[in-house]
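J.:
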DNA sequence: TTCAAACTGTACAGATCTGTCTAGTATAGT
DNA sequence: ACTATACTAGACAGATCTGTACAGTTTGAA
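Residue numbers (our numbering), protein chains in the order written: chain A, 1 to 177; chain B, 1001 to 1177.
Take a look at the structure:
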C-alpha cells in the first residue's frame, strides 16, 4: 500500500476509501488488515512515507547547497513540482484538517514540523527558537496552501522573495542593521 | 442552517453529517432540503457566512486604523481568537482540502482570497499585483495553518513580525533602499 | 374560519465505508 | 512431502451518510 499513498495525497484522506486503495494496489482486503490495524494506521503509514520522502529531499538539499542557498533551493523544488501539477498542498497540513485529533497521524505531523524547523534553522545558522525559523515555516505553509487553493505555481516565486527577505532580516539583526 | 456553520468549522466538513446539523439546529431534515439543494450548497452557504463575517471584520479594521496599522490589527485579532481556542485554521483553506474541485464552494473561496488581497493591497497602499500583497497572503495562510497544526497561538506574534518585515521591504523598495 | 404554505418527526431507499470472516490457493522452509 | 504462513476473492455485518417520501401539525394571512 505504498502506492496507495498517491490516493490519499491526490484525492484526500476521507475521500479515499479502503476499497479504492486495495483495488489500486492489486491486493486483497485481508492482506491490508494483516499489515495495518485499521485506516488510522494506514494514514499514519502514508504520512510516514511522506515524511521519509521530504526528509530525503531536505538531506539532499543540505548536501548539495551551502546554507545560504538551501531555502531557495527547497522552494524552487516545490515550484517545479507545482508546475508539474503534482502539488495538492502540504500533505501534513492537509492531514491536520482531515484526521481526528487523537489519530496516530498526529505524531508524524509533529515530527514533520520539527524536521522542517531544523532545516530552516540550519540554513539560517541560528537556533530553532529564533523567530526567523518559524517565519520560514509560515512562508512554506502559506505558499503550499495558496498554491493548492489558487492552483497558481507562481506563488512560489513570491515565497522565494519573501524567504529572502526573512533571511536578510535575520543576518542583519531584528532591528535592521 | 446558520448555527450549523459552527459544526463545519469546528469538526470539519466531511466529519459533520447532515443529521448532526439538523439536530443542533433543532430543525427537520425536510426543512433543510427545502432551503438548500444539497450538502454542497449548504457548504457553500456556510462559506458565504464566513466570508460575510471576515469581510465585516476587515471593514471594521479599515475603518478603525490607518493603513499602516491594519495588517497588524488584523493579525492581532486572529491572535486573540487563537488564544481563546476558537481557531481551527482558515475555513477557506480547510475547505480547499475537503470539498471536490467542482463544488459551488470554490467560487466563494476565490472571492475570499480576492477580498483578502484587496485588504492587504489597501493597507500597503499598492496595487494588488505587487508581490508584497501576495506575501502577506502567504503570511496569513501560513500562520493559520501552523496555528491549527501546532495549536500554538504564539505563531501570530511571529507572523506579525514577518508582516512588519514585508511592509518595511515594500515601502523601502524591493532592493532595500 | 379557511386555506395554503411551510414546518415536523420519522421511516426508508440507496450508496458507501470500515472491518470481519470464510474458503480456497500459492509459497517457502524443513 | 508436509506444514505453517501469507495470500487471494468475495461475501457479509454494521454503521453512517445523503437525499426522498409521507402523514400530520403549526402558522399566518385573507
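Glycine is no exception: its CB is placed at the ideal position from the N, C-alpha and C atoms. These numbers were taken from a predicted model, which means no experiment stands behind them.
1. Report the three-state DSSP secondary structure of residue 77 of chain A (helix, strand or coil).
2. Could you say which of A/52, A/36, A/7 lies nearest to residue 24 of chain A if we only look at CA atoms?
3. Sort A/128, A/163, A/50, A/125 by Cα distance to residue 143 of chain A and report the nearest one.
4. To which residues of the same chain is residue 1010 of chain B closer than 8 angstroms at the C-beta, ignoring the five residues directly before and after it?
5. Using 10 angstroms around the beta-carbon of residue 94 of chain A, count the other beta-carbons present and answer buried if the total reaches 16, otherwise exposed.
6. Classify residue 1086 of chain B as buried or exposed, calling it buried when 16 or more other Cβ atoms lie within 10 Å of its own Cβ.
7. Is residue 1036 of chain B helix, strand or coil when you go by DSSP?
8. Buried or exposed: where does residue 60 of chain A fall if 16 or more other Cβ atoms within 10 Å of its Cβ makes it buried?
9. Output the distance between the C-alpha atoms of residue 1034 of chain B and residue 1004 of chain B, rounded to the nearest integer angstrom.
10. Between the Cα of residue 1131 of chain B and the Cα atoms of B/1167, B/1032, B/1091, which residue gives the shortest distance?
11. For the region 1116–1129 of chain B against the region 1058–1078 of chain B, do three or more pairs of beta-carbon atoms, one drawn from each stretch, fall closer than 8 angstroms, so that the two count as touching?
12. Does the contact criterion of 3 or more C-beta pairs under 8 angstroms hold for the region 96–116 of chain A versus the region 42–50 of chain A?
13. Run through chain A and tell me which residues come within less than 7 angstroms of residue 1171 of chain B, C-beta to C-beta.
14. For residue 119 of chain A, which residues from the same chain have a beta carbon less than 6 angstroms from its beta carbon, with the 5 sequence-adjacent residues on both sides left out?
15. Cα-Cα, which of B/1146, B/1127, B/1113 is closest to residue 113 of chain A?
16. If you follow the alpha helix (DSSP H) that residue 165 of chain A is in, where does it begin and where does it stop?
17. Does DSSP classify residue 70 of chain A as helix, strand or coil?
18. Taking Cβ to Cβ, would you say residue 1013 of chain B is nearer than 8 angstroms to residue 1032 of chain B?
19. According to DSSP, is residue 151 of chain A helix, strand or coil?
20. Is DSSP giving residue 13 of chain A helix, strand or coil here?
21. I want to see whether chain A comes within less than 8 angstroms of residue 1131 of chain B, judged by CB atoms only; does it?
22. Assuming residue 1087 of chain B is part of the alpha helix (DSSP H), what are its boundary residues?
T.: The short version:
1. Helix.
2. A/7
3. A/163
4. 1088
5. With at least 16 other beta carbons inside 10 angstroms of its own, residue 94 of chain A counts as buried.
6. Exposed, because fewer than 16 other Cβ atoms sit within 10 Å of the Cβ of residue 1086 of chain B.
7. The answer is coil: DSSP assigns residue 1036 of chain B none of H, G, I, E or B.
8. exposed
9. 16 angstroms
10. B/1167
11. yes
12. Yes, they touch.
13. Within chain A, no residue comes near residue 1171 of chain B; the closest Cβ sits about 12 angstroms away, beyond 7 angstroms.
14. 58
15. B/1146
16. 155–171
17. helix
18. no
19. coil
20. Of the three classes helix, strand and coil, the one that applies to residue 13 of chain A here is coil, per DSSP.
21. Interface residue, yes.
22. For residue 1087 of chain B, no alpha helix (DSSP H) encloses it, and the DSSP letter there is neither H nor E.
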